[in-house]
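Notes follow the structure.
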Amino acid sequence: MSEQNLERLYARILVTFENGSEVCYAYNRESLELLGLYKSEYDGSLFIEVGQAITYNEERFKIKKVNFKLYKELYEMGDGYGVNLYGITEPTDYNCQVGVFVERV
1 MSEQNLERLY ARILVTFENG SEVCYAYNRE SLELLGLYKS EYDGSLFIEV GQAITYNEER
61 FKIKKVNFKL YKELYEMGDG YGVNLYGITE PTDYNCQVGV FVERV
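This is how it looks when you write it as structure tokens:
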């Protein structure tokens, strides 16, 4: 397998309730920092972990489950119409998603 044939991963983060009601989408590091994720003092890495509390729109949530989904194609967000009401920032292209399932605290 040559390196030029390898598909890069472009992720978005979906924060949602287990019943499927969406809380928000995060497409970049700055969005994740707004959620108050744990940040490593050693190297500044951000972590999404079960049991962790996050904040969005002045509401607190506890992370119950995390999963990873790899889509079969790249979703290009630049030419779409409409508004992403759940996006913290402008959406970007993605081909995978980290699902963060939460409950209100």
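First residue of the sequence shown? That's 1 in full-length UniProt numbering, and the numbers climb one at a time after it.
Virtual Cβ for every residue (Gly too), placed ideally from N, Cα, C.
Check	Outcome
Three-way DSSP call (helix, strand, coil) for R60 in this model	strand
Cβ separation of V23 and V102, assumed to be a contact under 8 Å, to the nearest whole Å	6 Å
Test: F17 CB closer than 8 Å to a CB of chain D	Judged by its chain identifiers, the structure shown contains no chain D, having just a single protein chain.
Ordered list of alpha helix (DSSP H) runs contained in the region 10 to 68, each at least 4 residues	29 to 34
Proximity of S40 and T89 at Cβ, strictly below 8 Å	no
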